[in-house]
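Everything below concerns the one structure shown next.
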Amino acid sequence: MKFPAIASQPYPWPYDGAFDATDSALIIIDMQTDFCGIGGYVDRMGYDLSLTRAPIEPIRRVLQAARKHGLHVIHTREGHRPDLSDLPANKLWRSRRMGAGIGDPGPSGRILVRGEPGWEIIAELAPHPGEIVIDKPGKGSFCATDLELILRTRGITHLMLAGITTDVCVHTTMREANDRGFECLLLADCCGATDHGNHLAALKMVTMQGGGVRHRGARRGTAVGPDVHSMRMITIEADPDAVAIDLDRTAVVIIDMQRDFLERGGFGEALGNDVAQLTRAIGPCKALLAGARAHGIMVIHTREGHRPDMSDAPKSKVERGLPSLRIGEPGPMGRILIRGEPGHDIVPELYPLPGEPVIDKPGKGAFYATDLQTILVNRAIESMIVCGVTTEVCVHTTVREANDRGYRCVVPADCCGSYFPEFQEAGLRMISAQGGIFGWVCDSRRILDALG
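My numbering puts the first residue of the sequence shown at 306, with every later residue one more than the last.
Structure (structure tokens):
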């Protein structure tokens, strides 16, 4: 049975005009006692539960309709193995400093541990027999789970997303799905966050640039404190607190500082954006890059772009562009976002030196469909200093992916940029919120001062 397109922003969903119960799924993310119940993880951290409980009734109504019309229904639960073997050390450390250590006893059992009462989905939205439940150790629903395999096997291409929290687990899952070519619809009233401002900012982000986000080897970290194995430790003053990193196990990752995004006449400006909002990050990036090279810190560059035959460009991503500005179409700097074209290259001021890896990625995140994880593991990297553009899209997606894999991330604010200043601010705030849920934010001068 075909259903007509749904009125939504920035265009009626889905992009191809209609959806079918057989190819569509409602994904309800982390509606667990630990996140929206009394005595759970969020409650223990002191947040207003009314914000995370607000979506319960809207979700219940949508869930009832989805079941009636035969849509696939998938639930997710964030939680860890009882022995905490899948819990990155930095995530454990952050939870303890907020007074709700993962694995510690609480009113609803051990906090965020699989099998405990707090980990269970609330009774109002409990799964029916036959509905899939995805147990995930991170924020994103694709990392270290079989969600993608299930979606591909069932021929599901269209996703409706609901749940909590909007700016963390829902957004991370949507970003992962977007990079994999799924057509996503975020149900605004079916989501909630511990900070209402972050909820609103997250909703707005997914609709910008034509819906760029919307259709847009788990690795155990080490303790955040000093590490005795190295003499090259520095401490960076950052938000929410100081962070110690080992220079021998750190990489500076510069995201998508490409001509198509930063230079006049490129793809970004052709979309009507003010590239000056991004170019101001070039100077601080250049200074940080020089400092990293002088101290022997690993440097990695990324470029977003597709193969010339566009075999790695999801149809949904291509169709979202304006007819004359779609990926692969001719532009002032060659074919838009195509590898090997002039616009795809990194700006001269930040050009890679011989020996510095360049990651060519087809999506927003730097881990998806690339060998970045392999490079980091082979070099025993534990910490990432992440710079680049745009803050709320490719930088944020990469930081979220890194966080779920156990890497600690430091984001120098002045080395990042967004076409939309309010998203720059909101994106940075989300990273350091809740005691640094995704990492640390600082000015690049703090890093250079720590390097001496």
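Note that CB positions come from ideal geometry on N, CA and C, so glycine has one too. These numbers come from a predicted model, not from an experiment.
Just the C-alpha distance for residue i and residue j, rounded to the nearest angstrom, thanks.
i	j	result
Leu677	Pro717	20 Å
Arg372	Val378	7 Å
Arg644	Cys448	27 Å
Ala266	Leu733	Because the chain here runs from 306 to 757, residue 266 falls outside it and cannot be looked at.
Met513	Pro410	42 Å
Thr695	Pro434	42 Å
Arg640	Val698	22 Å
Ala423	Ile407	The residue asked about is misnamed: residue 423 is Gly in this sequence, not Ala. Roughly 11 Å between the two C-alpha positions.
Arg569	Gly636	12 Å
Gly633	Gly571	13 Å
Gly610	Val652	15 Å
Ile560	Met403	30 Å
Glu453	Leu464	12 Å
Tyr316	Leu491	13 Å
Asp484	Phe672	10 Å
Arg401	Gly648	46 Å
His534	Ile550	For His534, the pLDDT reaches just 43, beneath the cut-off of 50, and the residue's location in the model is therefore unreliable, leaving the point undetermined.
Trp318	Gly515	12 Å
Pro628	Leu642	15 Å
His380	Asn395	26 Å
Pro619	Asp665	16 Å
Met735	Val700	12 Å
Ser616	Ala482	18 Å
His374	Thr338	28 Å
Ala428	Asp451	25 Å
Thr679	Gly502	37 Å
Ala547	Asn578	35 Å
Below 7 Å CB to CB, which residues in the same chain sit around residue i once its five sequence neighbours on both sides are set aside?
i	result
Asp748	Pro717, Ala718, Asp719
Val663	His606, Arg608, Pro657
Lys591	Glu654, Leu655
Tyr320	Glu488, His520, Ser621, Glu624, Arg625
Glu542	Cys747, Arg751
Pro531	Low confidence applies to Pro531: its pLDDT is 34, below 50, so where it sits in the model is not reliable, and the reading given next is rough at best. Within the same chain, Pro531 has close Cβ partners Met538, Ala549.
Which one of the options has the shortest CA to CA distance from residue i?
i	options	result
Leu658	His374, Gly648, Val604, Ala755	Val604
Arg761	Gly601, Pro635, Tyr673, Ile333	Only positions 306 to 757 of the chain appear in the structure, and residue 761 is not among them; the question remains open.
Arg349	Thr458, Gly322, Ser413, Pro319	Ser413
Val475	Gly577, Thr540, Asp614, Gly443	Gly443
Gly596	Glu727, Tyr724, Leu576, Leu552	Leu552
Leu756	Asp440, Pro619, Thr540	Thr540
Leu576	Val548, Asp617, Leu630	Leu630
Val682	Gly345, Pro628, Arg710	Arg710
Asp440	Asn395, Ala493, Val700, Ile334	Ile334
Pro613	Pro589, Glu646, Arg598, Met638	Glu646
Arg598	Glu661, Gly588, His501	Glu661
Met562	Glu542, Asp451, Ile587	Ile587
Gly722	Ala405, Pro589, Leu397, Ala685	Pro589
Gln314	Ala370, Ala493, Leu389	Ala493
Gly345	Ala405, Glu362, Met306	Ala405
Would you mind stating whether residue i and residue j have Cβ atoms separated by less than 8 Å?
i	j	result
Glu687	Tyr712	yes
Ala312	Ala323	no
Thr477	Gly497	no
Gly384	Leu417	yes
Met538	Ile426	no
Thr327	Gly486	no
Leu368	Ala330	no
Arg585	Asp650	no
Arg382	Val473	no
Ala507	Thr458	no
Leu466	Ile332	yes
Ile364	Leu354	no
Tyr352	Thr499	yes
Excluding five sequence neighbours on each side, which residues of the same chain lie with their C-beta closer than 6 Å to the C-beta of residue i?
i	result
Cys714	Met689, Val691, Val704, Ala707, Gly744
Phe340	Val347, Thr357, Ile469
Pro360	Cys495, Cys496, Gly497
Phe308	Phe324
Thr702	Arg480, Lys669, Gly670
Ala674	Pro667
Pro432	His380, Val438
Take residue i and list the residues in its own chain whose beta-carbon comes closer than 8 Å to its own, dropping the five residues that flank it on each side.
i	result
Leu593	Val557, Ile690, Cys692, Pro717, Cys720, Ser749, Ile752, Leu753
Pro545	Ser737, Gly740, Gly741, Trp745
Pro387	Arg415, Val418, Arg419, Gly420
Gly573	Asp565, Phe566, Leu567, Val580, Leu583, Tyr724
- Query: Could you give the uninterrupted runs of the alpha helix (DSSP H) lying entirely in the stretch 684-754, keeping only those of 4 residues or more?
  - Reply: Correct list: 701-709, 726-741.
- Which runs of the beta strand (DSSP E), 3 residues or longer, sit entirely within the stretch 329-378? Listed in chain order, they are 329-334.
- Message: For a minimum of 4 consecutive residues, which ranges assigned as the alpha helix (DSSP H) are wholly contained in the stretch 406-488?
- Response: 452-458, 476-484
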